[in-house]
Structure formats: C-alpha cells, structure tokens
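Visitor: Below are the structure tokens for one structure; questions will follow.
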Amino acid sequence: MLSENVRVWKEFIATSSQIYKIINKKALLAANPVVSNTPSSDNELLRLSILAELDAVSLYEQLAAKAITPEVKTLLLDVAKEEKTHIGEFQSMLIKLDPEYAVELDTGRSEVEKNNGKENSKKSLDRGDTNIV
Ligand SMILES: [Fe+2]
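Those letters in the sequence shown? Residues 390 to 522, per the working numbering, in order.
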C-alpha cells in the first residue's frame, strides 16, 4: 500500500526532474510555439498559463485518485484546489485585458444557465411537478 504511493511519487519526481532539466535547457520553451514566437501578447501568455494550470489540476486530481494513503490524497487535492485559484487569477487578468473574452465568457455562462434551466424544467415535468417557476 505505502510502497505503491512511494512508487507513484518516485515516478512523479523522476518525471518532474526530467521536465526541469528540459526547462533549464530552454528546450521546452523553444518547443512551445506560444512562448518561442516572441513578441507574445500578454493575452497569449495568460491563455498559456491557464492551460498549464488546467493541466496541473488534472494531474493532481489523477494522482489523488491513485493515492493510497488519505494524507497523500488530501495533499494532492489541496494542491489541485490551489491550481484552480491560479486559474482564477490568470482568468481575472485576462478578463481585464481582453474585453471580447469577457463578453464571450458571459455569453457562455448565460447559455449554460439557459440550458440548465431547460433541463431542470424538463426534469420537473418528467417528475410531474406542478409548481414549475
Ligand atoms: Fe499553479
């Protein structure tokens, strides 16, 4: 049980250290078209940062799902939550700098709420509720 967690962490650390070696050589940055094609706009940098944070959330949640000890699972989920905060920080700045993004985000939110409202009304009808608002 514990040895499985140790194995997963060793694998994760080995992978991380390989990534850091690549970053130190700037190979990763050079390979990334968004970062390497300077000058980049701050909006592009923020979008890339959001992508990296989303990827981190996914990684930590997947690792948490594999964690054997509750302490490791809790730690990974806590870190995943922190990454979501980082997404919020980058997104808030992007909303300030890209008015179109802000408008489209609101449009998307409205569409989801509208569709959820339709879905909830349908479920109410399916259940035979009579007091649908
Ligand atoms: Fe982060």
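Ideal Cβ positions, reconstructed from N, Cα and C, are used throughout, including at glycine.
As the structure is a prediction and not an experimental result, all values here were calculated from the model.
Between the Cα of Leu536 and those of Ala456, Thr463, Glu433, Lys473, spot the shortest distance and give me the residue it belongs to.
Guide: The chain is shown only over 390 to 522; residue 536 falls outside these bounds and no answer can be derived.
Visitor: Taking 7 angstroms as the cut-off, does the CB of Glu450 come closer than this to any heavy atom belonging to ligand 1?
Guide: Incorrect: Glu450 has no Cβ contact closer than 7 angstroms to ligand 1.
Visitor: Collect the residues with a C-beta less than 7 angstroms away from any heavy atom of ligand 1 and give them in sequence order along the chain.
Guide: Chain-ordered list of matching residues: Glu442, Ala445, Glu471, Glu472, His475.
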